[in-house]
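The next block holds one structure in the form of structure tokens; read it before the comments.
In the numbering used here, the protein residues as written are 78 to 192.
So, in structure tokens, the structure goes:
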């Protein structure tokens with residue numbers, strides 16, 4: 078089961094998070110999400126546990142726990158429906174080739190000679 082862990086203290090490390098969850102069973106992976114530019118924690122992460130009953134016990138016991146003065150949120154991670162995913166091309170205008178509707182540059186698509 079993939080588990081979301083939110084409101085993490087920014088100082089917590091993956092080894093610490095793993096240790097907290099290993100008290101409830103086997104942990105396959107731990108990933109704290111970081112800012113790609115600064116490398117600083119974004120305050121949330123994911124824990125993967127192969128046994129669903131152990132994972133559910135960890136969720137039940139750790140949700141609302143206080144870690145380094147912060148009350149953490151722990152629940153089953155549900156994938157976002159495809160329509161809710163963020164698109165990074167929303168404000169580009171034009172078509173998907175990045176030509177901004179004027180068809181200049183790169184792909185002349187056979188318009189040779191009629192300049």
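Cβ atoms here follow ideal geometry from the backbone N, Cα and C, with glycine treated the same way.
Please report the residue range of the beta strand (DSSP E) in which residue i lies.
i, result
"residue 45", "Because the chain in this structure spans residues 78 to 192, residue 45 falls outside the shown range and cannot be described."
"residue 80", "79 to 83"
"residue 123", "118 to 125"
"residue 153", "150 to 153"
Considering only the beta carbon of each residue, do residue i and residue j sit closer than 8 Å?
i, j, result
"residue 98", "residue 135", "yes"
"residue 89", "residue 145", "yes"
"residue 80", "residue 150", "no"
Which residues in the same chain have their Cβ closer than 6 Å to the Cβ of residue i, if we skip the five residues on either side of it in sequence?
i, result
"residue 110", "119, 121, 122"
"residue 173", "Since pLDDT at residue 173 reaches only 49, below the 50 mark, its modelled position is unreliable, and the value read off the structure follows with that caveat. None."
"residue 107", "91, 94, 95, 124"
"residue 147", "84, 86"
Just reading off the alpha helix (DSSP H) that residue i is part of, what are its end residues?
i, result
"residue 98", "91 to 99"
"residue 134", "129 to 139"
Given residue i, which residues of its chain have a CB within under 8 Å of its CB, disregarding the five upstream and five downstream residues?
i, result
"residue 117", "87, 111"
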